[in-house]
Amino acid sequence: QTGKLLMRQCADNVKKVSLELGGNAPFIVFDDADLDAAFEGAMASKYRNAGQTCVCANRLLVQAGIYDTFVEKLAEAVQKLTVGHGLEGAFEQGPLINQAAVNKISSHIEDALAKGGRLICGGQPHALGGTFFEPTI
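And the structure:
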């Protein structure tokens, strides 16, 4: 709806516009993938800017034959991510943008668990408080 509104407003003024209306990006890893490359790509895609960019993967789909190996490697790396305020040190994950984002992530986790998902690591607001959230799988 927002995209349609912006398009109409731009059309009325003959303004050029480009709308990126995606937002449910999967990251897919098949059995024959280069696991190291897939792992590096998944880390960059999911955890960049605390997962808050329009190009971050929203879900990782991993084929059964490599699932356990991939998740184990990913969990090991995610648990090592450092969390903190970017102006106070060299941290890899900062805060979420606002409390609504914290609530949304918490809701997604609760929904996944209710539907049979497993929490591998993280899943809670971070001990730092504010809008910091634990890196989660």
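In the numbering used here, the protein residues as written are 983 to 1119.
For every residue, glycine included, the Cβ atom is placed at its ideal position computed from N, Cα and C.
_Taking only three categories from DSSP, how would you classify V1044?_
Counted from its first residue, the sequence shown places residue 1044 at position 62. Strand, per DSSP.
*Among residues of its own chain, excluding the 5 on either side of L1003, which ones have a beta-carbon nearer than 6 Å to its beta-carbon?*
Locating residue 1003 in the sequence shown gives position 21, counting from the first residue. The residues are G985.
*When the Cα of V1044 is compared with those of E1070, F1115 and G1023, which residue comes out closest?*
As a working note, residue 1044 is residue 62 in the sequence shown. Per the C-alpha coordinates, the member of E1070, F1115 and G1023 positioned closest to V1044 is G1023.
*Pick helix, strand or coil for I1087, following the three-state DSSP scheme.*
By one-based count along the sequence shown, residue 1087 stands at place 105. I1087 falls in the helix class under three-state DSSP.
*Could you pull out every residue in the same chain whose Cβ sits closer than 8 Å to the Cβ of Q1081, ignoring the five residues on either side in sequence?*
Counted from its first residue, the sequence shown places residue 1081 at position 99. So the qualifying residues of the chain are T1113.
*Report yes or no: do three or more beta-carbon pairs, one from the region 1033–1041 and one from the region 1006–1023, lie closer than 8 Å?*
By the C-beta criterion, the region 1033–1041 is judged to be in contact with the region 1006–1023, since at least 3 inter-stretch pairs fall below 8 Å.
*When the Cβ atoms of the region 1100–1109 are set against those of the region 1056–1068, are three or more pairs found closer than 8 Å?*
A contact is defined here as three or more CB-CB pairs under 8 Å, and the region 1100–1109 meets this definition with respect to the region 1056–1068.
*Residue(s) in a DSSP beta bridge with P1008*: Translated into the one-based positions of the sequence shown, residue 1008 becomes position 26. Assignment of beta-bridge partners to P1008 by DSSP yields R1041.
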